[in-house]
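Worksheet: one structure, shown below.
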Amino acid sequence: MGELTEQINAFLEQLPAKQRRILVRRYFFMDSVVQIAADMNMNINSVKSILRRENRKLRAHLRKGGYGDDR
Numbered sequence: 017m018g019e020l021t022e023q024i025n026a027f028l029e030q031l032p033a034k035q036r037r038i039l040v041r042r043y044f045f046m047d048s049v050v051q052i053a054a055d056m057n058m059n060i061n062s063v064k065s066i067l068r069r070e071n072r073k074l075r076a077h078l079r080k081g082g083y084g085d086d087r
């Protein structure tokens with residue numbers, strides 16, 4: 017497994033189950049926000065908000081691990 021993959025997995029492992037499930041479904045299984053919201057009985061805007069927040073956290077986590085915008 018590559019270093020970047022390990023960094024992403026470490027980030028995902030520390031997330032609460034709901035946030036992890038949303039990120040995995042959106043970016044690994046390519047499910048739509050609408051489908052995720054419907055399946056998880058959530059508001060679409062709530063799913064979007066979680067995705068935005070966790071993406072910011074993931075970027076910060078990767079920068080801390082040496083994966084900046086210049087890499």
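Numbering follows my numbering, with no gaps: position 42 of the sequence shown is 58. Note that CB positions come from ideal geometry on N, CA and C, so glycine has one too.
Quick check on residue i: does DSSP put it in helix, strand or coil?
i                : result
arginine 87      : Here the model assigns arginine 87 a pLDDT of 45, short of 50, so the residue's position is not dependable and the matter cannot be decided.
phenylalanine 44 : coil
asparagine 25    : helix
glutamine 35     : helix
Is it buried or exposed for residue i, if we count other Cβ within 10 angstroms and need 16 for buried?
i             : result
arginine 72   : exposed
valine 63     : buried
aspartate 44  : First, the amino acid is wrong: residue 44 is phenylalanine here, not aspartate. Looking at its Cβ environment, which holds fewer than 16 other Cβ atoms inside 10 Å, phenylalanine 44 is exposed.
isoleucine 60 : exposed
With a threshold of 6 Å, establish whether the CB of residue i neighbours any heavy atom of the ligand PLP.
i          : result
leucine 78 : Ligands displayed in this structure: none; no statement on the ligand PLP is therefore possible.
Need the endpoints of the alpha helix (DSSP H) that residue i sits in, please.
i            : result
leucine 74   : 60-80
glutamine 51 : 49-55
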